[in-house]
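First the structure, in the form of structure tokens, and then the observations on it.
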Amino acid sequence: MTTSAIEIRDLVVDYGTRRILDDISFDIHQGEIIVIMGGSGAGKSTLLRCVLGLKKPTSGHIHMLGTDICHAAREELYELRKKMGVAFQQGALFTSMSVAENIQLPLREHTDLDKNTIQIMTRIKLDMVNMLPYENLMPSELSGGMSKRAALARAIIMDPKILFFDEPSAGLDPITSAELDELIIMLKETLKMTIIVVTHELESAFAIADRIAILGEGKLIQIGTPEEIKNSQDDRVMDLLNRTPRENNMDKDEHLSRLTQDNR
Amino acid sequence: MKCTLHSENDYDLLELGGEIDLHYSPDLREAILASLKEGKPLLIDMADVSYIDSSGIASLVEGFQTAKSAKLAYGLLKISDPALQVLKLTRLDRVFSIFDEAEKFQAQL
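Chains as they are written, first to last, in my numbering: chain P, 1 to 264; chain G, 1 to 109.
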């Protein structure tokens, strides 16, 4: 039987009068890589913020590892976050700390591990992302790809049960991108992590995903294996996979309404 | 986590089992370093390890470095598949001396 790491039920998020997520329900299974895809404005980032407990939904529930994160006490969320790793799109490294110090931070904050253990763990993770030679550099001295890899090292330093990765391949060269994809698969297979990846990169999504969830205009259009998504007959999924420009599907009345309606 | 130390004739045998994670790795580190402090070679049986995270691996690495500095033999025995996968991920399967039988480790002493 498949066990759920995350259960999302009837999730609705409104910003003002605008509905960003509309009745989203699906499960993320333990030990799977799920890729969340969708065009800009589809609701991917909002969904991620809700699952991370950074945004309270208008209605609905999210259970992570058995905890209702929409109604959890602060202490419960704190404990839960120790089991989560997040690699943000732009890295979000602390600029006043070296690469190694950034990566060690979660261990120093949340554990009493010996400093030798922390140093070795840091170097293991830096080596995994091919960043070991750069441990003493400052974030301002890193390229975009290096920042991203350092952010991944920090996200996995505590060997989290659940890893969130926002746009892992964006802005990376094809070789680094393929290496990162391989690492994501290895993390799932060896450390049994549940991994949630938000990406626009089709090639990467199909390379790593056990399942792909496609969002469009706040709704869950389809969720399935890469094969099921490839064979989808849904126009919106096909448009996304075929990179059909959005203008082709524009509803004139809806577009006019968007430009003129009062959103305040 | 199971972590039991047996004293053999000319080496110590540390038997590990179960899950070795952030909560238990300090105990593992302490057991390894305490054994090496006695000045005997150390063989670590990992046949029953169902999960090991990087803090556990770090304890094994620190032990290896300590043994090397003290010129003591240090080996891993019968590594379970889940533990071997983590060692391969970190490329440490090429660094540690790994044995499938305790006699082979003993023969090197």
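We put the beta carbon where it would ideally sit given N, CA and C, even for glycine.
- Task: Assuming G/E34 and G/K78 form a contact by the criterion Cβ under 8 Å, report the distance between their Cβ atoms to the nearest whole angstrom.
- Result: Numbered from 1 along the second sequence, position 34 holds the residue referred to as residue 34 of chain G. Numbered from 1 along the second sequence, position 78 holds the residue referred to as residue 78 of chain G. Correcting the residue identity first, residue 34 of chain G is Ala in this sequence and not Glu. Incorrect: roughly 23 Å between the Cβ atoms, too far for contact.
- Which residue from P/T46, P/Q30, P/A151 puts its Cα closest to that of P/I20? Taking the first residue of the first sequence as 1, we reach residue 20 of chain P at position 20. That would be P/T46, whose Cα lies nearest to the Cα of P/I20.
- Any heavy atom of the ligand NAD closer than 7 Å to the Cβ of P/S232? Annotation note on the ligand NAD: not contained in the displayed structure, which lists no ligands.
- Is it right to say G/S59 is buried, meaning 16 or more other beta carbons lie within 10 angstroms of its own, or is it exposed? The sequence position of residue 59 of chain G within the second sequence is 59, counting from 1. G/S59 should be labelled buried.
- Task: Have a look at G/Q85 and G/V95 and give me their C-alpha separation to the nearest angstrom.
- Result: The residue you call residue 85 of chain G lines up with position 85 of the second sequence. The residue you call residue 95 of chain G lines up with position 95 of the second sequence. So the alpha carbons of these two residues sit roughly 14 Å apart.
- Item | Rounded Cβ spacing between P/T272 and P/S147 (contact assumed at less than 8 Å) | Since the first residue of chain P shown is 1 and the last is 264, residue 272 of chain P is not available in this structure.
- Query: What does a CB cutoff of less than 6 Å around P/D14 pick up in its chain, not counting 5 residues either side in sequence?
  - Reply: Position 14 of the first sequence, counting from 1, holds the residue named residue 14 of chain P. Hits under 6 Å: T58.
- Between the Cα of P/G224 and the Cα atoms of P/E217, P/R236, P/A209, which residue gives the shortest distance? Sequence index remark: in the first sequence, residue 224 of chain P carries index 224 (1-based). With distances taken between Cα atoms, P/G224 lies closest to P/A209.
- Message: What does the alpha-carbon distance come out to for the pair P/K82 and P/K56?
- Response: Numbered from its first residue, the first sequence carries residue 82 of chain P at position 82. Numbered from its first residue, the first sequence carries residue 56 of chain P at position 56. Distance between the alpha carbons of P/K82 and P/K56 is about 19 Å.
- Message: I want to see whether chain P comes within less than 8 Å of G/I57, judged by CB atoms only; does it?
- Response: Indexing the second sequence from 1 puts residue 57 of chain G at position 57. Output row for G/I57: interface = yes.
- Of all the options P/M128, P/H71, P/S257, P/T67, which has the alpha carbon lying nearest to the alpha carbon of P/M84? Counting from 1 along the first sequence, the entry for residue 84 of chain P is found at position 84. It is P/T67 whose Cα lies nearest to the Cα of P/M84.
- Contact set for P/A213: own chain, Cβ-Cβ below 8 Å, skip 5 residues either direction: Within the first sequence, the letter at position 213 stands for residue 213 of chain P. Here the set comprises F26, I34, V35, I36, M37, L220, Q222, I223.
- Of the residues G/E8, G/P26, G/F64, G/G56, which one's Cα is nearest the Cα of G/P82? The residue given as residue 82 of chain G occupies position 82 in the second sequence. Among G/E8, G/P26, G/F64, G/G56, the Cα nearest to that of G/P82 is on G/G56.
- Query: Taking the beta strand (DSSP E) that G/A47 falls in, what are its first and last residues?
  - Reply: What you label residue 47 of chain G is simply residue 47 of the second sequence in a count that begins at 1. Looking at the DSSP string, the run of the beta strand (DSSP E) that includes G/A47 is 42-52.
- Message: Under DSSP, the beta strand (DSSP E) around P/D74 begins and ends at which residues?
- Response: Within the first sequence, residue 74 of chain P is the residue found at index 74, counting from 1. According to the sequence as given, residue 74 of chain P is Arg; it is not Asp. It is not in any beta strand (DSSP E) - P/R74 instead sits in the alpha helix (DSSP H) that spans 74-81.
- With 7 Å as the limit, tell me which residues of the segment 56-82 of chain G have their beta carbon closer than that to any beta carbon of chain P; keep them in chain order. I57, A58, S59, V61, E62
- Query: What is the residue span of the alpha helix (DSSP H) that G/V86 lies within?
  - Reply: Along the second sequence, read from residue 1 onward, the residue named residue 86 of chain G stands at position 86. Looking at the DSSP string, the run of the alpha helix (DSSP H) that includes G/V86 is 81-89.
- Message: Against chain P, which members of the segment 28-39 of chain G pass a CB distance test of less than 8 Å?
- Response: R29
- chain G within 8 Å of P/D159, Cβ atoms only: On the first sequence, residue 159 of chain P is found 159 positions in, with the first residue counted as 1. Yes, P/D159 counts as interfacial toward chain G.
- Min CB distance P/M64 to chain G below 8 Å: One-based indexing of the first sequence puts residue 64 of chain P at position 64. No, its Cβ sits nowhere closer than 8 Å to a Cβ of chain G.
- Message: Under 8 Å: do the segment 130-139 of chain P and the segment 164-174 of chain P share three or more Cβ pairs, one atom per stretch?
- Response: no
- Message: Measuring straight from C-alpha to C-alpha, what distance separates P/S98 and P/T17?
- Response: For the purposes of this step, residue 98 of chain P is taken as the residue at position 98 of the first sequence. For the purposes of this step, residue 17 of chain P is taken as the residue at position 17 of the first sequence. For P/S98 and P/T17, the distance between alpha carbons rounds to 43 Å.
- Message: If distances are taken between C-alpha atoms only, which option among G/D45, G/A73, G/Q108, G/E101 comes closest to G/K37?
- Response: Taking the first residue of the second sequence as 1, we reach residue 37 of chain G at position 37. Measuring from the Cα of G/K37, the nearest candidate turns out to be G/A73.
- Task: Under the assumption that G/T66 contacts P/D127 (Cβ atoms under 8 Å), give the Cβ distance between them as a whole number of angstroms.
- Result: Residue numbering aside, residue 66 of chain G sits at position 66 when the second sequence is read from its first letter. Residue numbering aside, residue 127 of chain P sits at position 127 when the first sequence is read from its first letter. In fact, because the Cβ distance is near 20 Å, the residues do not count as touching under 8 Å.
- Query: Can a CB atom of chain A be found closer than 8 Å to the CB of P/T117?
  - Reply: The structure shown contains no chain A; its protein chains are P and G.
- Query: Can you tell me whether DSSP reads P/I24 as helix, strand or coil?
  - Reply: The count along the first sequence starts at 1 and reaches residue 24 of chain P at position 24. Strand, per DSSP.
- Hey, quick one: how far does the alpha helix (DSSP H) through P/R108 stretch, first residue to last? Counting from one through the first sequence, the residue named residue 108 of chain P turns up at place 108. 99-110 is the extent of the alpha helix (DSSP H) around P/R108.
- Query: Sorted by chain position, which residues of the same chain lie with C-beta nearer than 8 Å to G/S25's C-beta, five sequence neighbours on each side aside?
  - Reply: As a working note, residue 25 of chain G is residue 25 in the second sequence. These residues qualify, in order along the chain: D53, S55, G56, A58, S59.
- Query: Between the Cα of P/L54 and the Cα atoms of P/R9, P/L80, P/P106, P/D234, which residue gives the shortest distance?
  - Reply: Stepping through the first sequence from its first residue, residue 54 of chain P is reached at position 54. Residue P/L80 is the option with its Cα nearest to P/L54.
- Round the Cβ separation of G/G75 and G/L43 to the nearest angstrom and send it over; I've been treating them as touching at under 8 Å. What you label residue 75 of chain G is simply residue 75 of the second sequence in a count that begins at 1. What you label residue 43 of chain G is simply residue 43 of the second sequence in a count that begins at 1. Going by Cβ atoms, the distance from G/G75 to G/L43 rounds to 5 Å, so yes, they are a contact pair.
- Task: Please confirm if the segment 4-21 of chain G is in contact with the segment 97-107 of chain G, defined as three or more CB-CB distances below 8 Å between the two stretches.
- Result: yes
- Using the Cα positions of P/Q261 and P/K161, report the straight-line distance between them to the nearest angstrom. As a position in the first sequence, residue 261 of chain P is number 261, starting the count at 1. As a position in the first sequence, residue 161 of chain P is number 161, starting the count at 1. In a straight line, the C-alpha of P/Q261 is about 44 Å away from that of P/K161.
- What whole-angstrom Cβ distance do P/A151 and P/A92 have, given they're in contact under 8 Å? In the first sequence, residue 151 of chain P corresponds to position 151, counting from 1. In the first sequence, residue 92 of chain P corresponds to position 92, counting from 1. The pair is a contact, with the Cβ atoms about 6 Å apart (cut-off 8 Å).
- Best match in P/R211, P/Q90, P/K230, P/E228 for proximity to P/Q30 [C-alpha to C-alpha]: Within the first sequence, numbered from 1, the residue matching residue 30 of chain P stands at position 30. Comparing Cα positions, the closest option is P/R211.
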